[in-house]
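Participant: Please read through the structure below; I'll follow up with questions.
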Amino acid sequence: MLFKRKKKTDDTQLHIESIPDESTKGFNVVEICEQMVDAARELEDNRTEYALVTNYLTDIERMENMSETDKKTMNDAAANILTLEKTRSDFLKTKNRISDSQYAQMQQLEDEIPRAIKRLEKNESSLDVINKDLRYLEGEKVQFDIDGEYAKSRQRAFRVYAVLLVVFFAVVVAVCTLMQIVYGADTTIFMLIGALLSTVAGSFVLLTYQSYSDEVKSAAASKNKAVALENRVKIKYVSIKNAVDYTYEKYHVKNSKEFVYNYEQYLLAVKDKERFRRTNEDLEYNSKKLVSVLSKNDFYDARVWLNYTNAIVDHKEMVEQKHELIVRRQKLRGRMSCNVETITRLRREILSHRSELGDRIHEVNRILNKIAELDMEVQSED
């Protein structure tokens with residue numbers, strides 16, 4: 002409703018007392034008195050609202066006749082209020098960047114969060130490096146196992162070679178001995194050659210076997226070193242992983258990227274809240290400024306114009322508001338005239354049956370006197 006009417010107390014203390022509910026020759030005085038009282042109350046309500054609408058129209062005239070300085074102050078304040086209210090409305094429609102619980106936590110731990118982010122990023126980077134190291138060490142262990150198994154397999158082969166060499170030398174000796182006994186041949190040279198070959202081959206087999214033995218020991222030792230280093234790295238990994246998991250749980254994030262994102266959203270939310278606070282302060286300042294300049298010009302209700310700043314800024318809107326008030330006042334005048342006619346008609350009807358009232362005449366006279374005290378004049382348009 003345009004310029005809502007103010008609440009008022011019921012000053013028309015009209016009521017019916019001690020009038021029995023009975024009829025005299027078809028004339029019901031109780032019903033007529035009730036109708037007249039209702040019409041009187043409605044008249045007073047309409048008159049009050051009429052005065053209110055008139056005051057608002059008078060305020061519009063005062064606004065049009067204000068000095069240029071005051072008018073500029075009023076227009077500037079109203080324009081600022083419109084802009085600030087839109088800014089505040091847009092802010093209230095904005096979806097929260099982070100949850101209230103996250104905001105409260107980050108606000109409480111704001112000073113340590115940058116360090117926590119750097120520490121988390123460093124720890125995550127360390128975990129990546131450690132994971133690579135563990136994969137490398139695991140590969141090294143496998144390679145050492147392969148090297149050791151290969152060296153062992155070569156050892157077994159050379160043991161076979163050594164046995165074959167012994168068998169070969171024994172066969173050479175047996176053949177040479179047999180030829181010497183049977184044929185009387187001199188086989189010394191052959192035995193020496195066989196012994197020489199067996200010695201050379203045996204030396205090669207022995208040295209090679211020993212080399213593979215060293216490789217087996219070296220592979221085992223290297224694997225043990227890799228296992229020891231892996232254990233130390235795993236201990237470091239567990240320590241860092243616990244720190245990372247604690248940070249994840251503490252700040253309700255899945256990784257450092259989400260942590261950084263949430264912190265950035267928190268900083269934006271802080272700026273939004275600060276902007277909202279300044280907006281409210283500016284809105285309050287301009288509202289006081291508008292009310293002050295209107296009160297200075299004796300406005301009936303300066304504060305109501307805080308709800309109609311668009312009309313102050315936009316002349317077309319003000320013309321529409323003024324037109325609606327004029328139409329509303331005309332309707333009120335019509336209703337007031339109707340109320341007066343109703344009261345007058347009912348009063349005449351009661352007076353025409355006055356002789357029939359009997360004992361009720363005193364109460365009816367009291368009501369009629371109260372009605373007579375009302376202002377029955379309907380104001381004409383200015």
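All residue numbers for the sequence shown refer to this note's numbering, where the first residue is 2 and numbers rise by one.
The beta-carbon is built from N, C-alpha and C at its ideal position, and this holds for glycine as well.
When you compare only the Cα positions, how much space is there between residue 60 and residue 53?
Facilitator: Taking the straight line from one Cα to the other gives about 11 Å.
Participant: Which first and last residues belong to the alpha helix (DSSP H) in which residue 93 is found?
Facilitator: Run containing residue 93: 69-94, per the alpha helix (DSSP H) assignment.
Participant: Give me, in chain order, the residues of the same chain whose beta-carbon lies closer than 6 Å to that of residue 292; leave out the 5 immediate sequence neighbours on both sides.
Facilitator: Only 303, 304 meet the Cβ criterion.
Participant: At 4 residues or longer, and completely inside the stretch 310-344: list those alpha helix (DSSP H) runs for me, N to C.
Facilitator: 310-314
Participant: Taking the C-alpha atoms as reference points, what is the distance between residue 15 and residue 321?
Facilitator: In this prediction, residue 15 has a pLDDT of 46, which is less than 50 and means its spatial position is unreliable; what the coordinates show is noted afterwards. Going by the C-alpha atoms only, they are around 39 Å apart.
Participant: Enumerate in chain order the residues of its own chain whose CB-to-CB distance from residue 283 is below 6 Å, with the five nearest sequence positions on each side excluded.
Facilitator: 85
Participant: Can you give me the C-alpha to C-alpha distance between residue 298 and residue 306, rounded to a whole angstrom?
Facilitator: 13 Å
Participant: Do you know offhand how far residue 183's Cα is from residue 175's?
Facilitator: 12 Å
Participant: Just to confirm the assignment, what range does the alpha helix (DSSP H) spanning residue 255 have?
Facilitator: Residue 255 -> no alpha helix (DSSP H), and no H or E assigned at all.
Participant: Run through DSSP, which three-state label would residue 12 get?
Facilitator: Only weak support exists for where residue 12 lies, its pLDDT of 45 falling under 50; the value from the coordinates is given anyway. Coil, per DSSP.
Participant: My understanding is that residue 314 touches residue 76, with C-beta atoms under 8 Å, so please give their C-beta distance in whole angstroms.
Facilitator: Indeed, because the Cβ distance is near 6 Å, the residues count as touching under 8 Å.
Participant: Compute the Euclidean distance between the alpha carbons of residue 118 and residue 130, then round it to the nearest angstrom.
Facilitator: 18 Å
Participant: Could you tell me whether the stretch 139-156 touches the stretch 211-220, using the rule of 3 or more Cβ pairs below 8 Å?
Facilitator: yes
Participant: On the three-state DSSP scale, how would you describe residue 99?
Facilitator: coil
Participant: Specify, as a first and last residue, the run of the alpha helix (DSSP H) that residue 171 falls within.
Facilitator: 114-184
Participant: In its own chain, which residues sit with a C-beta less than 6 Å from the C-beta of residue 227, not counting the 5 before and 5 after it?
Facilitator: Result list for residue 227: 138, 141, 142, in chain order.
Participant: Looking only at its own chain, which residues have a Cβ that is under 7 Å from the Cβ of residue 104, when we skip the five neighbours before and after it?
Facilitator: 267, 270
Participant: Would you tell me roughly how many angstroms separate the C-alpha atoms of residue 41 and residue 336, rounded to the nearest one?
Facilitator: 12 Å
Participant: Which residues in the same chain have their Cβ closer than 8 Å to the Cβ of residue 10, if we skip the five residues on either side of it in sequence?
Facilitator: With a pLDDT of only 43 at residue 10, under the threshold of 50, the placement of this residue in the model should not be trusted; the figure read from the coordinates follows. The answer is none, since no qualifying residue turns up.
Participant: Suppose the cutoff is 6 Å on Cβ atoms and the five residues either side in sequence are ignored; what does the same chain contact list for residue 88 look like?
Facilitator: The answer, listed in chain order, is 280.
Participant: Identify, in the order they occur along the chain, each residue of the same chain with its Cβ nearer than 8 Å to the Cβ of residue 135, setting aside the five sequence neighbours on each side.
Facilitator: 231, 234, 235, 238
Participant: I need the straight-line Cα distance from residue 371 to residue 344, nearest angstrom please.
Facilitator: C-alpha of residue 371 to C-alpha of residue 344: approximately 12 Å in a straight line.
Participant: Using the three-state DSSP reduction, which class does residue 111 fall into: helix, strand or coil?
Facilitator: coil
Participant: Among 224, 94, 194, 95, whose alpha-carbon lies nearest the alpha-carbon of residue 146?
Facilitator: 224
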